[in-house]
Amino acid sequence: MSGAQGSDLNRNPPRPGRLDHAEGASVPLHSRVREAQPRGAVINGDQPINQAEAAERFMAAPEHERMHDARLWDLRQKRDRQMHGITEWEDLRRLASEIKEHALTHLDHYLEQFETNARANGIHVHWAQDADEHNAIILSLLRDHGVKRLIKSKSMLTEECGFRDFMAESGVEVVETDLGERIQQLDDEAPSHVVVPAVHKLRSDVADVFARTLGTDPNDDDVHYLTEQQREKTRPLILDAQAGLTGANFVVAETGTFVVCTNEGNADLSANTPPLQIASIGIEKVIPRLEDLPVFVRLLSRSALGSPITQYTSHFRGPRRGGELHVVLVDNGRSERLGMEQFWTSLKCIRCGACMNTCPVFRRSGGLSYGATYAGPIGLIIDPTFNRHRYSSLPFSSTLNGSCTNVCPVKINIHEQIAGWRRVLAETHELPLMKKAMMREAGHLLSHPALYRAAIATADSALKHLPRFMVYNRLNTWGHGREVPAPPRETFHQWYAANRASGQGEPS
Amino acid sequence: MSSREDILARVRAHKPALARPLPQVPYFDPPPGTDLTAVFRASFVQMGGTLPDCGAADPLDVVRGIVAAVPVSCSQVPEVRGNRALGADTLPASLADVDIGVVRASFGVAETGSVCLTEVDLLVNTLGYLPQHLIVLLDPARIVSNLHRAYQRPEWRTMHYAVLQSGPSATADIEGVLVHGAQGVRSLRLFFVPDRAG
Numbered sequence: 001m002s003g004a005q006g007s008d009l010n011r012n013p014p015r016p017g018r019l020d021h022a023e024g025a026s027v028p029l030h031s032r033v034r035e036a037q038p039r040g041a042v043i044n045g046d047q048p049i050n051q052a053e054a055a056e057r058f059m060a061a062p063e064h065e066r067m068h069d070a071r072l073w074d075l076r077q078k079r080d081r082q083m084h085g086i087t088e089w090e091d092l093r094r095l096a097s098e099i100k101e102h103a104l105t106h107l108d109h110y111l112e113q114f115e116t117n118a119r120a121n122g123i124h125v126h127w128a129q130d131a132d133e134h135n136a137i138i139l140s141l142l143r144d145h146g147v148k149r150l151i152k153s154k155s156m157l158t159e160e161c162g163f164r165d166f167m168a169e170s171g172v173e174v175v176e177t178d179l180g181e182r183i184q185q186l187d188d189e190a191p192s193h194v195v196v197p198a199v200h201k202l203r204s205d206v207a208d209v210f211a212r213t214l215g216t217d218p219n220d221d222d223v224h225y226l227t228e229q230q231r232e233k234t235r236p237l238i239l240d241a242q243a244g245l246t247g248a249n250f251v252v253a254e255t256g257t258f259v260v261c262t263n264e265g266n267a268d269l270s271a272n273t274p275p276l277q278i279a280s281i282g283i284e285k286v287i288p289r290l291e292d293l294p295v296f297v298r299l300l301s302r303s304a305l306g307s308p309i310t311q312y313t314s315h316f317r318g319p320r321r322g323g324e325l326h327v328v329l330v331d332n333g334r335s336e337r338l339g340m341e342q343f344w345t346s347l348k349c350i351r352c353g354a355c356m357n358t359c360p361v362f363r364r365s366g367g368l369s370y371g372a373t374y375a376g377p378i379g380l381i382i383d384p385t386f387n388r389h390r391y392s393s394l395p396f397s398s399t400l401n402g403s404c405t406n407v408c409p410v411k412i413n414i415h416e417q418i419a420g421w422r423r424v425l426a427e428t429h430e431l432p433l434m435k436k437a438m439m440r441e442a443g444h445l446l447s448h449p450a451l452y453r454a455a456i457a458t459a460d461s462a463l464k465h466l467p468r469f470m471v472y473n474r475l476n477t478w479g480h481g482r483e484v485p486a487p488p489r490e491t492f493h494q495w496y497a498a499n500r501a502s503g504q505g506e507p508s
Numbered sequence: 509m510s511s512r513e514d515i516l517a518r519v520r521a522h523k524p525a526l527a528r529p530l531p532q533v534p535y536f537d538p539p540p541g542t543d544l545t546a547v548f549r550a551s552f553v554q555m556g557g558t559l560p561d562c563g564a565a566d567p568l569d570v571v572r573g574i575v576a577a578v579p580v581s582c583s584q585v586p587e588v589r590g591n592r593a594l595g596a597d598t599l600p601a602s603l604a605d606v607d608i609g610v611v612r613a614s615f616g617v618a619e620t621g622s623v624c625l626t627e628v629d630l631l632v633n634t635l636g637y638l639p640q641h642l643i644v645l646l647d648p649a650r651i652v653s654n655l656h657r658a659y660q661r662p663e664w665r666t667m668h669y670a671v672l673q674s675g676p677s678a679t680a681d682i683e684g685v686l687v688h689g690a691q692g693v694r695s696l697r698l699f700f701v702p703d704r705a706g
C-alpha cells in the first residue's frame with residue numbers, strides 16, 4: 001500500500017457535497033425568505049376542528065406552502081421511482097393487504113401467540129385498554145425503577161396517548177431523540193406528519209426554535225449546523241437517561257419479535273443505552289410469520305420516503321443481558337374500530353405517510369391544520385373513530401381524487417372510506433351546520449328533475465353575472481382557496497335540445 | 509376482568525367474520541447468475557455507505573491503518589485490535605467517546621445494501637451507534653439476494669437483538685437536506701473480508 005493511498009484512506013470519509021440518496025430530497029430545496037410560521041388548527045374544547053380556517057392561514061404563508069408542497073411532492077415522486085424499480089410491486093401490495101386482513105380477522109390468536117413467545121424470551125408484556133392505562137403502566141414502571149429521565153424515539157401511539165404532557169405533569173423528563181420530533185417537542189407543537197414531523201417548518205423556523213431552547217446562533221440556519229447542534233445537545237441526555245421508550249412498526253407473532261424502523265438510529269440508542277427498555281405498541285401491528293415481515297419492510301420506506309429501506313431496521317426479541325424489556329400492547333379504540341364494517345381495514349395502515357405526500361389538500365394546508373394526531377387522508381378516516389364530534393368536519397377536507405388509495409402500500413380504500421364517513425356523519429347528524437342547510441336544499445332539488453334543470457340554468461347564468469363577493473363569501477366554502485370553474489355557456493339539456501333532440505324525444 | 513381479557517374479548521366480538529386466508533409469500537429471487545456482490549455494492553453506496561478502494565493492499569491492513577490513526581478505537585473482530593477493551597459487562601453508555609468501532613456483519617442483503625449486526629457481532633449493542641464512525645467487515649459469500657431470503661436466516665430466531673443497518677445514521681428532517689450522523693454513526697465503511705473462522 002502506498003503512503004499516499006494509506007493517508008487518504010486513514011482519514012474519515014470526507015463530507016460529500018449535497019447528498020441526494022436515501023430519504024434526502026432528490027432536488028435541492030431551499031427556503032428563500034424568512035416568514036412567520038403559520039400555526040395549526042384552533043383547538044376549542046370539543047368543538048369541531050375548522051381545518052379550512054387553519055389551511056387558509058397556511059396558504060397565507062406562501063414560502064411555507066411552497067416548500068411543504070415541493071418537499072412532499074418530491075417524496076411522492078421518489079416513491080414512484082422506487083415502485084418502478086421493483087417488478088413485483090403490485091404483488092407486494094396485494095400480499096401486504098392479504099396478510100394484514102388475515103391478521104386482523106385472527107387478531108386475538110396472533111396477539112396471544114406474540115405474548116406467549118415474547119414472554120418465553122423474557123419480555124414483560126402489559127395490556128392497556130386506553131391512553132390513560134398506557135400512561136399509568138409506564139409511569140408505574142418508571143417509578144419502580146427510579147427513572148427521572150426517559151429517552152424516546154418517535155411513536156404516533158404515544159402522541160395518541162398524550163404521553164409527553166402526562167409525563168411532564170408526573171415529573172418525568174422526556175427527551176425525544178428523532179430530530180424532527182425533537183424540534184416539535186422544543187417548540188411545544190405536535191408532529192405534523194407521521195414520518196417527517198417538522199416538514200411544515202422552514203430552516204429559519206428551526207433556527208428560531210433552537211436559538212430559544214438550545215442557545216444556538218439565531219442567525220445561523222445552516223441545516224448541517226442545526227443538525228449537529230441537536231446531536232451535541234441531545235447526546236449527554238441520552239447517555240445518562242435511566243429508561244428508553246420506542247414504538248414499533250411491526251410485531252411478529254411467530255417469534256415474539258417487534259421491529260422498529262428509523263433513519264437516525266435513535267430508536268437503537270434509546271433501546272440499547274439505558275438499563276430499562278419499554279415499547280408502546282398498538283394491537284393492530286401484529287403479523288403472523290417472519291416470512292411476512294419482508295413484504296412490509298420492502299414497502300414501508302419505499303412508500304414513505306422513496307428509499308429502499310430505512311437506515312436502521314431493528315429487531316427486538318428479548319431483553320439485553322442485564323437489562324429489562326417491557327412491551328405495552330395498547331387498544332385505545334382499535335378493537336372497536338375492528339367492528340366497523342366500512343372502516344375496519346383502516347387498521348391495515350403501516351403509517352408510511354404516502355397518502356399525505358400525494359394529497360393536494362394536505363400538501364397545501366399542512367398537517368397541523370387537521371388539529372388531530374393523524375393528519376391527511378388516513379387521518380380523515382381514523383380521527384372520527386376517536387371523537388366523532390370534534391373531527392366531524394375532517395372527512396370533508398378531501399377532493400376524493402383517489403390518489404391516496406392508489407399509493408397506499410396495503411391497499412386501504414382510503415377515498416371510499418372518506419366518502420363513507422361523510423355518509424355516516426350525515427346520518428348521525430354530525431354534519432357542519434352550513435353543509436346541513438345546503439344538503440337539505442340540494443336534496444329537494446335533486447329529487448325534482450324539472451326544478452333541478454331550472455335551477456342549474458339559473459345558477460350558471462347567475463355565476464356569469466354575480467359579483468365576486470357573492471360567490472367567494474364566507475357561506476360558500478367551495479370558494480375558499482380555489483376558483484369556481486367558469487360557468488358553461490349553456491347547460492347540457494339546452495345543448496341537447498338545440499342539437500340532438502329533434503324527433504328523438506326527451507333524453508331520459 | 510383484566511385489561512388483557514377485556515381487550516381480547518372485544519377483539520373476538522368485533523373481528524370481521526370473513527374468510528381471509530394467509531397467502532404464501534414467494535422469494536422473488538433475482539435471475540440466476542445475478543452478481544450479488546455487485547448489486548450489494550451499488551445498494552450500499554446508494555444508502556450512503558462507503559466502500560474504500562484498497563487497491564492491491566490487504567483490506568485488513570487498511571482497516572488497521574485507519575484504526576491506528578484515531579485516539580479511541582474499539583474492535584469486536586479478532587483480526588483488528590482496538591485500544592478500548594470491550595467485555596460483555598461494558599456499560600453501554602461508556603462507548604460514547606469511541607472514535608471508530610469495528611465489527612463483522614453476520615450477513616449482507618444485496619437488494620438494500622444492508623448489513624445484519626446482532627448482539628453477538630456487537631457484544632455491546634451500543635458499539636453500533638455510539639462511536640463516531642463504524643467499520644464493518646463482510647464476507648462476500650454471506651450476501652443474500654433480497655429481504656425475503658434475509659428473513660430465512662437463523663439469526664432472527666435466536667438473537668434477542670439484530671439490526672439491518674443500511675448506511676450511516678441519517679436525517680432529512682429539515683427542508684429535506686440529508687445529513688449523516690443525526691444521532692448514530694457519522695459514516696459506515698465496509699470492507700469485504702472472508703470469514704476464515706466461519
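Here the protein sequences come in this chain order: A and B.
Numbers 1 to 508, taken from our numbering, label the letters of the first sequence in order.
Numbers 509 to 706, taken from our numbering, label the letters of the second sequence in order.
All C-beta atoms, glycine included, are put in the ideal place defined by N, C-alpha and C.
Per DSSP, what kind of secondary structure is Ser-155 of chain A in: helix, strand or coil? coil
Would Asp-543 of chain B be called buried (16 or more neighbouring beta carbons within 10 Å of its own) or exposed? So Asp-543 of chain B counts as exposed.
Cys-352 of chain A and Pro-377 of chain A: beta carbons closer than 9 Å? no
Rounded to a whole number of angstroms, what is the C-alpha to C-alpha distance between Pro-534 of chain B and Ala-22 of chain A? 26 Å
Coil, strand or helix - Ile-643 of chain B by DSSP: strand
Within-9 Å CB hit, Ala-54 of chain A to chain B: no
Closest Cβ-Cβ distance between Gly-6 of chain A and chain B: below 9 Å? Bear in mind that a pLDDT of 40 at Gly-6 of chain A, under 50, signals an unreliable position, so the number given afterwards is only what the model happens to contain. True, the Cβ-Cβ gap to chain B drops below 9 Å.
At what residue ranges does the region 223 to 284 of chain A contain a whole run of the beta strand (DSSP E), taking only runs of 3 or more? Runs found: 243 to 246, 250 to 252, 257 to 262, 276 to 282.
Is there at least one non-hydrogen atom of the ligand GTP closer than 8 Å to the beta-carbon of Lys-100 of chain A? As far as ligands go, the structure on display features none, and thus does not contain the ligand GTP.
Does the pairing of the region 46 to 53 of chain A with the region 365 to 381 of chain A give three or more beta-carbon distances under 8 Å? Note that the region 46 to 53 of chain A touches the region 365 to 381 of chain A; at least 3 beta-carbon pairs, one per stretch, sit closer than 8 Å.
Quick check: what's the CA-CA separation for Glu-416 of chain A versus Val-196 of chain A? 26 Å
Inside the region 115 to 203 of chain A only - beta strand (DSSP E) runs reaching at least 3 residues: 124 to 128, 149 to 152, 173 to 176
Identify which residue in A:Phe-163, A:Arg-298, A:Asn-117 has its Cα closest to the Cα of Tyr-659 of chain B. The candidate whose alpha carbon is nearest that of Tyr-659 of chain B is A:Arg-298.
With distances taken Cα to Cα, identify the nearest neighbour of Ile-281 of chain A among A:Val-259, A:Ser-346, A:Gly-322. A:Val-259
Cβ of Ile-86 of chain A within 9 Å of Cβ of Phe-296 of chain A? no
What span of residues does the alpha helix (DSSP H) with Ser-614 of chain B cover, start to end? That residue, Ser-614 of chain B, is in no alpha helix (DSSP H); it is neither H nor E in DSSP.
Take the Cβ of Thr-399 of chain A as the centre, count every other Cβ of all protein chains shown within 10 Å, and call the residue buried at 16 or more, exposed below. exposed
CB-CB length for Ala-54 of chain A against Ala-41 of chain A, believed under 8 Å: 4 Å
So which residues of chain B does Gln-129 of chain A contact, with C-beta pairs closer than 8 Å? Ser-511, Asp-514, Ile-515
Does the Cβ-Cβ distance between Pro-275 of chain A and His-124 of chain A come in under 9 Å? no
Beta carbons nearer than 9 Å to chain B: which residues of the region 55 to 81 of chain A have them? Residues Met-67, Ala-70, Arg-71, Asp-74, Leu-75.
Residues in the same chain with beta-carbon distance under 7 Å from Glu-430 of chain A, minus the five sequence neighbours each way, listed in chain order, please. Arg-388, His-389, Ser-392
If we cut at 9 Å on Cβ distances, does Phe-548 of chain B have a partner in chain A? no
Counting only Cβ pairs nearer than 9 Å, list the residues of chain A close to Leu-699 of chain B. The question names Leu, but residue 699 of chain B in the sequence shown is Phe. Going along chain A, no residue has its Cβ under 9 Å from Phe-699 of chain B, so there is no contact; the nearest lies around 10 Å.
Taking a contact to mean a Cβ-Cβ separation below 9 Å, would you say Val-175 of chain A touches Ala-241 of chain A in this structure? yes
Helix, strand or coil: which one does DSSP assign to Val-330 of chain A? strand
In this structure, how does DSSP classify Val-209 of chain A when only helix, strand and coil are distinguished? helix
Given this structure, state the Cα-to-Cα distance separating Arg-93 of chain A from Arg-79 of chain A, to the nearest angstrom. 14 Å
Quick check on Phe-250 of chain A - is its C-beta less than 9 Å from some C-beta in chain B? no
Checking contacts by CB at 9 Å: is Pro-676 of chain B closer than that to chain A? yes
Can you confirm whether the region 643 to 655 of chain B touches the region 227 to 236 of chain A when touching is taken to mean that 3 or more C-beta pairs between the two stretches lie within less than 8 Å? no
Specify, as a first and last residue, the run of the alpha helix (DSSP H) that Gln-82 of chain A falls within. 62 to 84
Three or more beta-carbon pairs under 8 Å between the region 311 to 322 of chain A and the region 100 to 116 of chain A, yes or no? no
Spatial neighbours of Ala-128 of chain A within its chain, please: CB distance less than 6 Å, with the 5 preceding and 5 following residues excluded, ordered by chain position. His-134, Ile-137, Val-328, Val-330
Should Arg-198 of chain A be flagged as near chain B, meaning a C-beta pair shorter than 9 Å? First, the amino acid is wrong: residue 198 of chain A is Ala here, not Arg. At least one chain B Cβ lies under 9 Å of Ala-198 of chain A.
Sort out for me which residues DSSP pairs Arg-697 of chain B with in a bridge. B:Thr-558, B:Ile-643
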